[in-house]
Amino acid sequence: LALEAALREAIEQRRLTLWYQPQVDATGTTLGAEALLRWIDKDGRIVPTDRFIPLAEETGLIHPIGRFVLQATCEQLAAWASEPRLAGLVLAINISARQFAEPDFVSELRTMLVDHHVPAGRLKLELTESVVLEHVDEAVQRMEQLREIGLLFALDDFGTGYSSLSYLKRLPVDQVKIDKAFVRDVCEDAGDAAIARTIVTLGHVLGISIIAEGVETEAQLDFLQACGCDAYQGYLFGKPMPVDEFERFAASVA
Ligand code: G
Ligand code: G
Ligand code: MN
Ligand code: NA
799 LALEAALREA IEQRRLTLWY QPQVDATGTT LGAEALLRWI DKDGRIVPTD
849 RFIPLAEETG LIHPIGRFVL QATCEQLAAW ASEPRLAGLV LAINISARQF
899 AEPDFVSELR TMLVDHHVPA GRLKLELTES VVLEHVDEAV QRMEQLREIG
949 LLFALDDFGT GYSSLSYLKR LPVDQVKIDK AFVRDVCEDA GDAAIARTIV
999 TLGHVLGISI IAEGVETEAQ LDFLQACGCD AYQGYLFGKP MPVDEFERFA
1049 ASVA
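The opening position of the sequence shown corresponds to residue 799 in UniProt numbering, with each subsequent residue numbered one higher.
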C-alpha cells in the first residue's frame, strides 16, 4: 500500500507534527489547546487526517504515531513550564481505540510524564464514546488508574454515537465535548438547541465540565454561553495552528 509506505517514511523522517487549536473559557481566556496531528508531505502539503488515521489504526502504525504525539506533547508542556503565560495551559490529545487498549499504555504514559517533569493534570486525553464503550469495564478501570495519577479525560464527539445517556454516569470523565454537528445549527434548530442544553445540564449534575467544539460565530457562542457551557473551541477563536502561532495567541490578552 503506497499510503502505508509513505506514512512509515513520514514517521521515520519526522514529518509528522502537532498543530494546536485553542480552547478558551467564557471570558476568552486561553485554557489550553487540542493537539491535532498534521502530516506535511514532501511538497509541503497537509495530508488530510481522515485519510491516514483510519489506515494507521488498521496497520498498527497508530502505536508509533501515538507515542510520537505523547512525546511531542510532553516536550511542549515541559518547554512551557518556565513561561508564565504558558505554564498553566492544558493540552488535549486524541487517543484511538487501539492505542488505549495497548497493555503498556498506562506505564508508557507515566514514564513519559515523569521523564519530562510534566504534572499529569496538564494533559487531557480525548476518548470517543466508541473507544470507551467497546469494552466499557476495562476502559473505566484504565481511566480510573490514569485519573489517580492526575490525568484529565474528555469524552469527544459526544452525542454522535449510540451510547445511552446513562453511560455518562459510569464514565470517569472530567469533560464532555459537545460535537460540532450539534453546534453548527444550534441557533436555528430547536432539536440541536435542546441537545446542547441537555448535555450541559446533565454534565453539570454529574460534576462534568462542558466544552463546545466547532464554534464559528458570535451567535453560537452567545447561545452556548446562555446554556452554561464552560469552554469553547472553534474557528471563531482560532483554527488549528503551528506551535509558534499558538504561543502568540495564548500570550495575547483576550
Ligand atoms: O483537525 P483534523 O481534521 O485533523 O481532525 C480530524 C480527526 O483526526 C479528528 O477526529 C481527530 O480526533 C483525529 N486526530 C487528529 N489528531 C489525532 C491524533 O494525534 N491521534 C488520533 N488518534 N487521532 C487524531
Ligand atoms: O477530535 P475531533 O474529531 O473532535 O476533531 C476536531 C475536528 O474539528 C478537527 O478536524 C478540527 O480541525 C475541526 N474543527 C475545529 N473547530 C472547527 C470549527 O469551528 N468548524 C469546523 N467545521 N471544524 C472545526
Ligand atoms: Mn478531539
Ligand atoms: Na469531536
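Even glycine gets a Cβ: it sits at the ideal position worked out from N, Cα and C.
Just so we're clear, the structure is a prediction, and the values are computed from it rather than from any experiment.
| Check | Outcome |
| --- | --- |
| Closest by C-alpha distance to Arg-968, when choosing among Glu-936, Ala-991, Leu-949 | Glu-936 |
| Spatial distance of Leu-859 from Arg-806 (CA atoms) | 8 Å |
| Proximity to Ala-885 [Cα-Cα], best of Ile-893, Ala-895, Val-916 | Val-916 |
| Length at least 4, wholly inside the stretch 815–862: the alpha helix (DSSP H) runs in chain order | 847–857 |
| Inter-residue Cα distance where the pair is Ala-952 and Asp-972 | 6 Å |
| CA-to-CA distance, Trp-817 to Ala-1010, given in whole angstroms | 19 Å |
| Sub-9 Å separation of Gly-1012 and Lys-1037 beta-carbons | no |
| Boundaries (first-last residue) of the beta strand (DSSP E) holding Leu-923 | 921–926 |
| Heavy atom of ligand 1 within 8 Å of Val-867 beta-carbon | yes |
| For residue 788: DSSP bridge partner residues | No information on residue 788 is available, as it lies outside the stretch 799 to 1052 that the chain covers here. |
| Nearest-angstrom Cα separation, counted from Gly-989 out to Asp-913 | 47 Å |
| Meets three-Cβ-pair contact criterion under 8 Å: the stretch 840–859 and the stretch 867–876 | no |
| Contacts around Leu-928, its chain only, beta-carbon distance under 6 Å, and the 5 residues preceding and following it disregarded | In the sequence under discussion, the amino acid at residue 928 is Ser, which differs from the Leu named in the question. Hits under 6 Å: Gly-959. |
| Val-974 versus Met-910, Asp-983, Val-1041, Leu-923, residue with shortest Cα-Cα distance | Leu-923 |
| Rounded straight-line distance, which links the Cα of Pro-820 to that of Val-938 | 28 Å |
| Cβ contact (3+ pairs, closer than 8 Å) linking the stretch 989–1005 and the stretch 1020–1036 | yes |
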